[in-house]
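Residue numbers (the working numbering), protein chains in the order written: chain A, 1 to 331; chain B, 1001 to 1641. Even glycine gets a Cβ: it sits at the ideal position worked out from N, Cα and C. A quick note: this is a predicted structure, and the numbers were derived from the prediction, not measured.
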């Protein structure tokens, strides 16, 4: 990923045309589909996606800036002693005059580092509990868009792969502001669907697609609730951490899923697998939370073995803090 | 209306049967619930269910209030002025009979509460209880709060009935009232056992209102008056109301756990006695029960008084002087043995110095003791005060008692052993059990006799006098016991009294008195037991401890209920029994004077009260409760989420 100065510079240079582009995207033919899709995604307090993603991205960078004060220019990488063979153009004359020492100024080398976003668009991600700000898919979409904006601002290519039914098309890696618009447009028209429980091949198809675009050194961020996946899913996903890739899996749960706030006798219907369970919520709450902790623990352990990172969040948490955590994790 | 009440229940059942389905993606991680938890669930819904059902009932009653009204007693004020009212509540045993769904007493108590509730500021109210003896429960007062408190706290008793006394007491209380409008309200079944007596009347100046005439409904009742155990038999006395009989019913003797020890058919007629053989030797009869039912169930059971323990008489006599010529025990001991009264005789060489030696004795016979030392006097006085009986024969040794060895407190002055010319007693002065043997005392062979001082003679009640009027045999009560004195010693050298038939009659009479004092005291419920001189009196009745009052320094207690009472007086415990007043089985109502029973004549009336306001209030409370339950349930759910 790039740095804050690059991020600001890039977007300030493009801000002049941003309004026309935004209004243009609003009036784009996609919007007709978006109107219908908004009924599918419960954006809650997180809409509109474009503005919210920008706020989150800037908020995340502002936090990073404050927490990483290192001097005037972020491009500057520091000094080191001159050794024979160094480029004399980088010799710091002021240090020589002031300290009588030969020091060479170092600069960080910026390289393209592709960001591969994997967004779970299965049916369970459409859930929004009574105390949540928005549905899980909306939360994941804003986080993905914010990450994409940060990456694109740094000139990094971004791709998006969806885990869902076959109607959802992935977005090939690319950079530039148009890529961000494509990503936002795709997220806005996203319609959660697909049953990972009944369709174990869903994950395999996504991983095959991802393997094609995630080259060595790429950053892979998976945004999913991790529910209803087949038993071997953690190992398959963790295998993405090989070949120099950086992998971060962000578990996105609804507060109701994290706490199990029901009381008395309830009938619960899963969105994937079609399972319906009638239970005494008070009596089985502890067992449920233990099962959820076991599931999370399995993912965390599998990722740790392959060098991947695991983050957990709920949809009523701060998106800025989450994106900041992701950025810090994948640095 | 029943369908309306059931509707919330059915809705609740339907709701419980199909719990609301909710989307929950990780349902796969949730375990199915066990059935026990399923049944236990939704407690808050049950509270709502109850509230809604009650609200439906209240709503229905509210809708029907033009037709639903409560009848209650109230006062009618012709002139609007304040009134003075004496409420007589009969709390006798007969009021325990049923009057509809309630007992007569409970109906009367509620009537009293209603009357007090209808009183206004400025009215004076008095409450009198007609259970014998009649009592003022609340003196005439304008404090209506106190009157409400007293009438609400009234409790039934097993007492007899004293309506005339209660009415007289009411008139006496009303005489001091400042109000000119004075009334007596009688809440009684009028069953005082004097059905044929003169009609009750409050008098010409004070009208009396028989407020609840339905209480005087008559009825039939039988009661167990007493039950005593004598050996292996329990003697039972039964009383029934006029024209009533317990024929066909049974008397069952039971132990404390209710196991039957013996049974016998109840005697017929209004009054009967029977003996029931108790089969088990080691079982202790606790009570007798009359099977079947009648108007009052409480008097169909009576406690069995245990047989008086085989007692011992202490005899202090000089065997050297009083032994008969053929030798053996002193003559008084032999005479007591000849009576075959099933008592033991314990000869003592002298009057004991300690109370323990006389503890448990039926009585003490002192034959011409040579005075009493201070210690002996103290022990003997305590024995008599505690209920003991002493027979004291005075002779030459008593008259020659040394200085300081007096007979106080039995006699205040010394006696003399004088010559006499009197030949015997005057037959007409002989009373009690001695009367049949009076002739045997007409010619006594005695040349000398003991003469009491006039002051001492005046303290005694003579049972037989010499021809000149001096007492030969006399008795007097002392504390809870008795003292009998004889003016001749039992020695044959002094007289031939011991050879006369009257001597045995004397011993028999005295011994019966001793046995009576040892037996538990019986009294009717409501009678007052007094304990003069007692410092500490504790009474444990069938329903717990009783309050002991003091009047003029004398402890008094009045039993309210049938049964046994264990009374501890200064550390000594005795058993007393409160038994039913036999007149209470007569449930025939007594007549009330014309002009007193009519409500219109005295200005009182019954009023129908519209209860719609109260029902609406209840409905409002129920609706508020339901809203509170809903809000509570909702906030709980929100907090959980």
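The Cβ-Cβ distance between residue 1189 (chain B) and residue 1104 (chain B) falls below 7 Å.
For residue 1374 (chain B), the enclosing alpha helix (DSSP H) starts and ends at 1374-1385. Of all alpha-carbon atoms in B:1408, B:1495, B:1411 and B:1414, the one lying nearest the alpha-carbon of residue 1441 (chain B) is that of B:1495. Taking a C-beta distance under 7 Å as the contact criterion, residue 214 (chain A) and residue 302 (chain A) do not qualify as a contact pair. In the DSSP assignment, no residue is bridged to residue 1340 (chain B). By the rule that beta-carbons nearer than 7 Å mark a contact, residue 1028 (chain B) touches chain A. At a cut-off of 7 Å between beta-carbon atoms, residue 1290 (chain B) makes no contact with chain A. Under the 7 Å criterion on CB atoms, residue 314 (chain A) is classed as non-interfacial with respect to chain B. Identification of chain B residues near residue 227 (chain A) by a Cβ-Cβ cut-off of 7 Å yields 1025 and 1026, ordered along the chain. A Cβ-Cβ contact shorter than 7 Å links residue 120 (chain A) with residue 224 (chain A).
The beta carbon of residue 234 (chain A) sits closer than 6 Å to the beta carbons of 298, 299 and 302 from its chain, once the five residues preceding and following it are set aside; these are given in chain order.
Nearest in C-alpha terms to residue 1551 (chain B), of all of B:1153, B:1346, B:1531 and B:1215, is B:1531. By the rule that beta-carbons nearer than 7 Å mark a contact, residue 1114 (chain B) does not touch chain A. Residues of chain B whose Cβ lies closer than 9 Å to the Cβ of residue 273 (chain A) are, in chain order, 1027 and 1028. Pairing residue 44 (chain A) with residue 134 (chain A) gives a Cβ-Cβ distance under 7 Å. With a 10 Å radius around the Cβ and a threshold of 16 neighbouring Cβ atoms, residue 1544 (chain B) comes out exposed. Looking at B:1477, B:1433, B:1204 and B:1106, the one whose alpha-carbon comes closest to that of residue 1458 (chain B) is B:1477.
In this model, residue 1463 (chain B) and residue 1472 (chain B) are separated by some 8 Å (Cα to Cα).
Within the model, the alpha-carbon separation for residue 1563 (chain B) versus residue 1306 (chain B) is close to 13 Å. Between residue 1033 (chain B) and chain A, the shortest Cβ-Cβ separation is below 7 Å.
Residue 329 (chain A): member of the alpha helix (DSSP H) spanning 319-330, first to last residue. Cβ proximity to chain A below 9 Å picks out nothing from the segment 1115-1143 of chain B. Taking residue 1272 (chain B) as reference, the option from B:1246, B:1259, B:1233 and B:1151 with the minimal CA-CA separation is B:1246. Taking the C-beta atoms as reference points, residue 1583 (chain B) is found no nearer than 7 Å to residue 1195 (chain B).
Assignment of residue 1487 (chain B) by DSSP, reduced to helix, strand and coil, places it in the coil class. Between the segment 1047-1059 of chain B and the segment 1084-1098 of chain B, the count of C-beta pairs closer than 8 Å stays below three; the two stretches do not touch.
For residue 1237 (chain B), the secondary structure class from DSSP, reduced to helix, strand or coil, is strand. For the segment 1223-1256 of chain B, no residue has a beta-carbon sitting nearer than 7 Å to a beta-carbon of chain A.
The C-beta of residue 99 (chain A) has fewer than 16 other C-beta atoms within 10 Å across all chains shown, which makes the residue exposed. The alpha carbon of residue 1539 (chain B) has as its nearest neighbour, out of B:1549, B:1565 and B:1529, the alpha carbon of B:1565. Here residue 265 (chain A) is buried: its Cβ has 16 or more other Cβ atoms, across all protein chains shown, within 10 Å. Sorting B:1389, B:1357, B:1363 and B:1387 by C-alpha distance to the C-alpha of residue 1375 (chain B) places B:1357 at the top. Counting only runs of at least 4 residues, the segment 221-283 of chain A fully encloses the following alpha helix (DSSP H) elements, listed from N- to C-terminal order: 233-238 and 255-259. In the structure shown, the three-state DSSP call for residue 122 (chain A) is coil. For residue 1418 (chain B), the enclosing beta strand (DSSP E) begins and ends at 1416-1419. Judged by their CB atoms, residue 49 (chain A) and residue 184 (chain A) are nearer to each other than the 7 Å cut-off.
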